[in-house]
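Report on the structure given below.
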Amino acid sequence: MIPLDYKNDEEKQPLVYLVQHAYDLEEEIEVKIIGIFSSLEKAEAAVEEYKKLEGFRDYPDGFTIGPCILDRGYWDGGFVTVYHEEEE
Numbered sequence: 001m002i003p004l005d006y007k008n009d010e011e012k013q014p015l016v017y018l019v020q021h022a023y024d025l026e027e028e029i030e031v032k033i034i035g036i037f038s039s040l041e042k043a044e045a046a047v048e049e050y051k052k053l054e055g056f057r058d059y060p061d062g063f064t065i066g067p068c069i070l071d072r073g074y075w076d077g078g079f080v081t082v083y084h085e086e087e088e
């Protein structure tokens, strides 16, 4: 993962910001990709706008912003499985 304060030469390694929203459902985690933005400021502004919308405002802490370098793969193998305990 790239740190949020990562500095780069944008001509050689264009940097964009992936905004996601996630929250727990009963048996799974719901994840939505909100968008990909050209600057951290635009990504943060999008988060602030989405926090006002129905479905997102109930989970305001579910937003994440992740910087990404274009033309680079991020999959390093494996899967994540989240199990929820059943309530009796």
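Using the UniProt record's numbering, the letters of the sequence shown map in sequence onto residues 1 to 88.
The C-beta atom is built at its ideal place from N, Cα and C for all residues, glycine as well.
query, result
"Nearest-angstrom beta carbon gap, Tyr59 and Tyr23 [assumed within contact, 8 Å]", "4 Å"
"Contact set for Asp61: own chain, Cβ-Cβ below 6 Å, skip 5 residues either direction", "none"
"Among Ile65, Glu30, Asp71 and Ile29, nearest to Tyr17 - alpha-carbon criterion", "Ile65"
"Leu40 (DSSP reduced to helix, strand or coil)", "helix"
"Ile33 vs Cys68 beta-carbon contact at 9 Å", "no"
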